[in-house]
Structure formats: C-alpha cells, structure tokens
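Peer 1:
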Amino acid sequence: MNLLRKILFPFAILYGFITSIRNFLFDKGILKSTFFDIPVIAVGNLSVGGTGKTPQIEYLIRLLSDRYKVATLSRGYKRKSEGFVLASSSSNAEILGDEPFQFYQKFPNIQVAVDADRTNGIIQLLSQNQKPQVVLLDDAYQHRKVKAGFYILLSSYGDLYADDFMLPTGNLRESRSGANRANIVIITKCPKDLSDKEQTAIRLKLKLTCSQQIYFTFIDYDDCIYGENEKVAVNEIKEESKLLIAGIAKPTPFFDYLKNEKDECLTFPDHHNFSDADLELIQSKAQNKRIITTEKDYVRLKDSKLALQLYYLPIKSTFINHQQNFDATILEYVKLNLES
542 MNLLRKILFP
552 FAILYGFITS
562 IRNFLFDKGI
572 LKSTFFDIPV
582 IAVGNLSVGG
592 TGKTPQIEYL
602 IRLLSDRYKV
612 ATLSRGYKRK
622 SEGFVLASSS
632 SNAEILGDEP
642 FQFYQKFPNI
652 QVAVDADRTN
662 GIIQLLSQNQ
672 KPQVVLLDDA
682 YQHRKVKAGF
692 YILLSSYGDL
702 YADDFMLPTG
712 NLRESRSGAN
722 RANIVIITKC
732 PKDLSDKEQT
742 AIRLKLKLTC
752 SQQIYFTFID
762 YDDCIYGENE
772 KVAVNEIKEE
782 SKLLIAGIAK
792 PTPFFDYLKN
802 EKDECLTFPD
812 HHNFSDADLE
822 LIQSKAQNKR
832 IITTEKDYVR
842 LKDSKLALQL
852 YYLPIKSTFI
862 NHQQNFDATI
872 LEYVKLNLES
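Quick note, the working numbering runs 541 ahead of the 1-based positions in the sequence shown.
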C-alpha cells in the first residue's frame, strides 16, 4: 500500500460506511429493486477491474446460447452513445464499448445491449419482438436497482477480496460482506496446477456460507493468433520480433505468454480509446513487425491503419475442477426459473 493510499484511509472508512448504508437500505427494501420473471444472472466483483469478467460472460454464453435465447446487458464503459442501444450491423466499439462489441462479433446468435440503467435495459430487451429467455448482466454486482435471480462473484487469485480494503486505500467498491449476496464465487486467474490443499485454504479464508459454492478457474490462452485474413500458431511466432500492445487492467500475463527478449511491449489504460497519436506511436514502434494485442483492444483497432499487421490472442476461462457441477447449477437455475 503506497503512502498516498495510507493517507486516504479516513476516506476509505467513510466510503465503506456510505456503501454499507446503501446496501442496508436495499436489503431492507427501503430502496427499490426490480425483479424480473425471467432468469437474470449478474456477474461482477467487489474490486475495481481485472478479475476476468469478459471470459466468464463468454463461458456462460457458450453454455446457454445453444439451449436458450440469451441477451447480454452491459453498461458500455467509455462508449460514445447514450441510453439503451441494441447491437446491430451498424454498431462498433465506440457505440457499444469494447467488451459488448466483442460479444456481438463473437456470438451472432445472441442479443447484445448496453444501458447504464440496467432496469431500463432489461425492460427494453423484453419489449423486443424476439425477447430473450435469459439475461446476463455484465459487471452489475453493485447495481442493486435490479434484483438478479443469480449472482456470480469473481475474485482474482492474486488479489482476493478478503485481503483487500475499501477505496481509495484499497480497491474494493464495497465491503467484503457484499460477498454474502453471491450464489457462486469464482476465483479467477489461478495457476493451472492449484492444489486441493490451497483451494481448501482459500475456501476457509473467504468464510463462505454453507449455501455458497466456490470454483477455481485459470485463463487459457489460444494456440493461435488471429488477423484480418489469417491465423498463425503461437509457437511459430514466439521467437520472431514483434510488438505487443495491451489496454487492459492487468496485462502482464498476456505479455508473458507471447514475449521474447526481442519484443517490445506497449501498455495503455484499461478500455483505452486509441487516438491518432497512439496509432502513430504504435506504427513507428512496429515498423514492419506483427502487432499482437488482446481481443478487447483488437475490436477498437481492427479498422485502423494498423489492420494489415494487427493480430489478437483469444482467451477463455477454464475450470480447474468441478466444471460439470458449475454447469449443472447454472442450467438448473435457468430451467427452474423459466418453468415457474
């Protein structure tokens, strides 16, 4: 914890008090939450950024979209549009935000919408001719104006919420007790070989209730990078000189997976809108080399002048164990709440 964060400790206490009062008012029904009569699954975290929400939403899309009509609803962080927007062929990352646009491009059989007002967003989705049967709320754990039927809380292995503190001293958006709302807690970005002993230690540390389930996942990188017109095996480009760029919260694992001693890495802020000056910088650094970026950054850059030398590396969330139990829990929730 740096000195400035220590100095701001009184503000963290105040912020924690305010968020606790807000949660108390929602818990007691004094502040209104809207419940919808379709399955609504909220995915989010207690901390600020970097827990792997996007690959977890994509996992749920793959699990559910062959069986049900699925919609995702996000805030659309840093988009240049306002209000409710339903993705269409005219949409781009500026209109939707990078992550929703990524969902739209990867999963053409689902509906993708953005709205800062999640209540209005769901109402608008349900007013469509082809209304969804399941809504996935992206980064909506603290959006208490909607009462989701099922909550999935994510926490990074190297940055557990139990070890964190409230903003601005720490990175928590609300107190650790907020974890009590979760039906499932997923510890993301784990080592692939995380032992049963360490999994048990984390379970005990988080002090979950007997009704809460916990799972452990790791980020699984694709074996290929993908460009506008081709894909190339990662093992073919590992040793060549290339430029790696990332505008995500925690880019180190991405860089480590691809880089060698000849590579240069450029880091930008999370959800970065690349300016003309940024493009000039990237182009001057790359020269004629491949430019490899994250999938989230690719959707912002693919129509730029970098397109011909630009590639992205897909990722997905993979369960260390008990994946079938997780799938069964989600499918049972959806089935029961569609039948009720």
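The C-beta atom is built at its ideal place from N, Cα and C for all residues, glycine as well.
Applying the criterion that 16 or more other CB atoms from any shown protein chain within 10 Å of the CB defines a buried residue, is Glu599 buried or exposed?
Peer 2: Glu599 should be labelled buried.
Peer 1: Based on the DSSP output, what are the partners of Val726 in its beta bridges?
Peer 2: According to DSSP, Val726 bridges with Leu694 and Ile755.
Peer 1: To the nearest angstrom, how far is it from the Cα of Asp763 to the Cα of Glu769?
Peer 2: Between Asp763 and Glu769, the C-alpha separation is close to 17 Å.
Peer 1: Under a Cβ-count criterion, where at least 16 other Cβ atoms within 10 Å of its own Cβ denotes burial, should Gln671 be classed as buried or exposed?
Peer 2: Exposed.
Peer 1: Skipping 5 residues on each side, what residues in its chain have a beta carbon closer than 7 Å to that of Leu842?
Peer 2: Around Leu842: Phe815, Thr834 and Leu851.
Peer 1: Run the CB neighbour count on Ala774, radius 10 Å, all protein chains shown included, and call it buried at 16 or more, exposed below.
Peer 2: Label assigned to Ala774: exposed.
Peer 1: Measuring alpha carbon to alpha carbon, tell me which residue in Asp811, Phe565 and Asp578 is nearest Gly690.
Peer 2: Looking at the Cα atoms, Asp578 is the closest of the given residues.
Peer 1: CB Tyr692 to CB Arg722, shorter than 9 Å?
Peer 2: Contact: yes.
Peer 1: What's the call for Asp797, buried or exposed, on a 16-neighbour Cβ count within 10 Å?
Peer 2: Flag for Asp797 reads exposed.
Peer 1: Is it true that the CB of Ile861 sits closer than 9 Å to the CB of Thr741?
Peer 2: Not closer than 9 Å, so no.
Peer 1: Which residues in the same chain as Leu807 place their Cβ atom closer than 8 Å to its Cβ, once the five residues preceding and following it in sequence are excluded?
Peer 2: Excluding positions up to five away in sequence, the list reads Leu784, Leu785, Ile786, Ala787, Leu822, Ile823 and Lys826.
Peer 1: Nearest CA to the CA of Leu637: which residue from Phe648, Ala654, Leu847 and Lys647?
Peer 2: Leu637 has its Cα closest to that of Ala654, out of Phe648, Ala654, Leu847 and Lys647.
Peer 1: Which one of Ile554, Lys621 and Lys830 has the shortest CA to CA distance from Glu715?
Peer 2: Glu715 has its Cα closest to that of Ile554, out of Ile554, Lys621 and Lys830.
Peer 1: Exposed or buried, which one is Glu640 when buried takes at least 16 other CB atoms within 10 Å?
Peer 2: Buried: at least 16 other Cβ atoms inside 10 Å.
Peer 1: Using 8 Å as the threshold, is the region 600 to 616 in touch with the region 665 to 683, meaning 3 or more CB pairs across them?
Peer 2: With a cut-off of 8 Å, the region 665 to 683 and the region 600 to 616 count as touching, because enough Cβ pairs lie within range.
Peer 1: Mind pulling the alpha helix (DSSP H) runs of 4 or more residues that sit fully within the region 655 to 693?
Peer 2: You should have 659 to 667.
Peer 1: Applying the criterion that 16 or more other CB atoms from any shown protein chain within 10 Å of the CB defines a buried residue, is Arg603 buried or exposed?
Peer 2: Counting Cβ neighbours within 10 Å, Arg603 comes out exposed, since fewer than 16 surround it.
Peer 1: With DSSP as the reference, label Gln824 as helix, strand or coil.
Peer 2: Looking at Gln824 - three-state DSSP - the assignment turns out to be helix.
Peer 1: Any chance you could list the alpha helix (DSSP H) runs of at least 4 consecutive residues sitting entirely within the region 811 to 876, in chain order?
Peer 2: Here the runs fully enclosed are 817 to 827 and 836 to 842.
Peer 1: So what does DSSP say about Asn712, is it helix, strand or coil?
Peer 2: In the structure shown, Asn712 sits in coil (DSSP, three-state: anything other than H, G, I, E or B).
Peer 1: My understanding is that Tyr556 touches Met707, with C-beta atoms under 8 Å, so please give their C-beta distance in whole angstroms.
Peer 2: Yes, they are in contact, since the Cβ atoms of Tyr556 and Met707 sit about 5 Å apart, within 8 Å.
Peer 1: Just reading off the alpha helix (DSSP H) that Thr808 is part of, what are its end residues?
Peer 2: Thr808 -> not in any alpha helix (DSSP H); beta strand (DSSP E) instead, spanning Glu805 to Thr808.
Peer 1: Which term fits Phe644, buried or exposed, when burial requires 16 or more other beta carbons within 10 angstroms of its beta carbon?
Peer 2: Classification of Phe644: buried, given that the 10 Å Cβ count is 16 or more.
Peer 1: With respect to the beta strand (DSSP E) encompassing Ile582, which residues constitute its N-terminal and C-terminal limits?
Peer 2: Run containing Ile582: Val581 to Asn586, per the beta strand (DSSP E) assignment.
Peer 1: Tell me the start and end of each unbroken beta strand (DSSP E) in the region 548 to 605 that is at least 3 residues and wholly inside, in chain order.
Peer 2: If we require 3 residues or more, the beta strand (DSSP E) runs fully inside the region 548 to 605 come out as 581 to 586.
Peer 1: So, with DSSP's three-state summary, where would you put Tyr762?
Peer 2: Three-state result, Tyr762: strand.
Peer 1: For a test of the three-state rule: what should DSSP assign to Gly493, helix, strand or coil?
Peer 2: This structure leaves residue 493 out entirely; the chain is present only between 542 and 881.
Peer 1: Based on Cα-Cα distance, which residue from Lys594, Ala869, Asn866 and Ser574 lies nearest to Ala790?
Peer 2: It is Lys594.
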